[in-house]
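Here the sequence shown is numbered in my numbering, starting from 1 and rising by one per residue.
Glycine included, each C-beta is placed from N, C-alpha and C at the ideal position.
Just so it is clear, the structure is predicted and the values come from calculations on it, not from any experiment.
Working notes, structure below.
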Amino acid sequence: MNESNNPYAPPQANVTPTFAEQELELLSEPRSLSAGAGVNWISAAWPLVKKDLGIWVLITLALMVIQLILAFIPFVGAVAGNVLTPVFTGGLLMGIRAASAGEPLRFDALFEGFKHQFAPLAGLGALMLVVMFLLGVIASGIFYATMPAPDVMQADPMAGLSGSNLAIVGIVVGILSILVGMLFFFATPLVALNQVPVFKALGMSFKGSLRNILPILIYGFIIMILIILGAIPLFLGLLIVIPMIYVSSYAAYRQVFLK
Numbered sequence: 001m002n003e004s005n006n007p008y009a010p011p012q013a014n015v016t017p018t019f020a021e022q023e024l025e026l027l028s029e030p031r032s033l034s035a036g037a038g039v040n041w042i043s044a045a046w047p048l049v050k051k052d053l054g055i056w057v058l059i060t061l062a063l064m065v066i067q068l069i070l071a072f073i074p075f076v077g078a079v080a081g082n083v084l085t086p087v088f089t090g091g092l093l094m095g096i097r098a099a100s101a102g103e104p105l106r107f108d109a110l111f112e113g114f115k116h117q118f119a120p121l122a123g124l125g126a127l128m129l130v131v132m133f134l135l136g137v138i139a140s141g142i143f144y145a146t147m148p149a150p151d152v153m154q155a156d157p158m159a160g161l162s163g164s165n166l167a168i169v170g171i172v173v174g175i176l177s178i179l180v181g182m183l184f185f186f187a188t189p190l191v192a193l194n195q196v197p198v199f200k201a202l203g204m205s206f207k208g209s210l211r212n213i214l215p216i217l218i219y220g221f222i223i224m225i226l227i228i229l230g231a232i233p234l235f236l237g238l239l240i241v242i243p244m245i246y247v248s249s250y251a252a253y254r255q256v257f258l259k
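The structure is reproduced here in structure tokens:
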């Protein structure tokens, strides 16, 4: 008798790990990839997005609705939106990891970050919010520090908006923004997928970004173009572009950090 149909056979436990339990081993050091890797991350994303396109559209719509609801809650909504962004992203990355192993993407992957690694992911979001606030304070400080003397401003209120003044602020903020981006670019997948502590993840992310600055810049430029193009047809294209961003970021993480 076939054992699978044998009513007297002992029950078999399902030992297949859930998508939150699967883990790929971290490299001891992040890889340094060629500039063309930034293009490869995006091209690698489409097959996974296409495979579960319907679910991805539902997930993206749900994210948009959540962000819209939070936007109507003064102050608290903005804070919650920033703090919870890595939580939602981390859950989706767990789902993408499972999808890349052949499993279907599930809608509840969107909320998997609330079940696994919630505290460190929310902590990462809070830290990101603090860093962005400090970046704004620094930008304001530089702007006011480079403004003309009060008597000059009184004579010409527009003197503080000179091209050189704005250029200095723009350059400094631009450089600081790139450095901050390098800190956080790989931090969420490191925390969500490999349980790396938050501050260690920031250091590893910065190191991985520094070793791959060219592919990341190329990747970022292409993503920016895709977002612009996706927004043109009544923002409908973003239903495809946003999933591409999530999956391509997983592809980048896997190539740089995983065996």
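{"query": "Does the Cβ-Cβ distance between residue 91 and residue 191 come in under 8 Å?", "result": "no"}
{"query": "Since residue 41 and residue 248 should fall inside the 8 Å C-beta cutoff, what is the C-beta to C-beta distance between them, to a whole number of angstroms?", "result": "4 Å"}
{"query": "To which residues does DSSP link residue 26 through a beta bridge?", "result": "258"}
{"query": "Which residue's Cα is closest to the Cα of residue 88: 121, 75, 103?", "result": "121"}
{"query": "What do you reckon, are the CB atoms on residue 33 and residue 195 nearer than 8 Å?", "result": "no"}
{"query": "Could you tell me the distance, in whole angstroms, from the CA atom of residue 173 to the CA atom of residue 50?", "result": "37 Å"}
{"query": "First and last residue of the alpha helix (DSSP H) that includes residue 101?", "result": "Counting along the chain, residue 101 falls outside any alpha helix (DSSP H), and DSSP gives it neither H nor E."}
{"query": "CA-CA distance, residue 35 and residue 231?", "result": "27 Å"}
{"query": "Whose C-beta lies closer than 8 Å to the C-beta of residue 169 among residues of the same chain, with five residues either side of it excluded?", "result": "139, 142, 143, 146"}
{"query": "Determine the extent of the alpha helix (DSSP H) in which residue 237 is found, giving its start and end residues.", "result": "Run containing residue 237: none; DSSP gives neither H nor E here."}
{"query": "Quick one: Cα of residue 39 to Cα of residue 81, how far?", "result": "30 Å"}
{"query": "Just curious, the alpha helix (DSSP H) that residue 140 is in, first and last residue?", "result": "118-145"}
{"query": "Between which two residues does the alpha helix (DSSP H) holding residue 57 run?", "result": "53-71"}
{"query": "Could you compute how far the alpha carbon of residue 207 sits from the alpha carbon of residue 189?", "result": "15 Å"}
{"query": "In this structure, how does DSSP classify residue 36 when only helix, strand and coil are distinguished?", "result": "coil"}
{"query": "From residue 131 to residue 125, what distance separates their C-alpha atoms?", "result": "10 Å"}
{"query": "Going by beta carbon distance, what residues of the same chain come within less than 7 Å of residue 21, once the five residues before and after it are set aside?", "result": "The pLDDT assigned to residue 21 is 48, lower than 50, so where the model puts this residue is not dependable; a value taken from the coordinates is nonetheless given after this. Counting only Cβ-Cβ distances below 7 Å, and skipping sequence neighbours, we find nothing."}
{"query": "What's the gap between the Cα of residue 228 and the Cα of residue 178?", "result": "20 Å"}
{"query": "What separation, rounded to the nearest whole angstrom, lies between the Cα atoms of residue 98 and residue 235?", "result": "28 Å"}
{"query": "Drop a sphere of 10 angstroms on the beta-carbon of residue 252, count the other beta-carbons inside from all chains shown, and report buried for 16 or more, exposed for fewer.", "result": "buried"}
{"query": "Looking at residue 283: is its Cβ nearer than 8 Å to the Cβ of residue 214?", "result": "Nothing can be reported for residue 283: it is not among the residues displayed for the chain, which extend from 1 to 259."}
{"query": "Would you say residue 80 lies against chain B (beta-carbon separation less than 8 Å)?", "result": "Of the protein chains in the structure, only one exists, and it is not chain B."}
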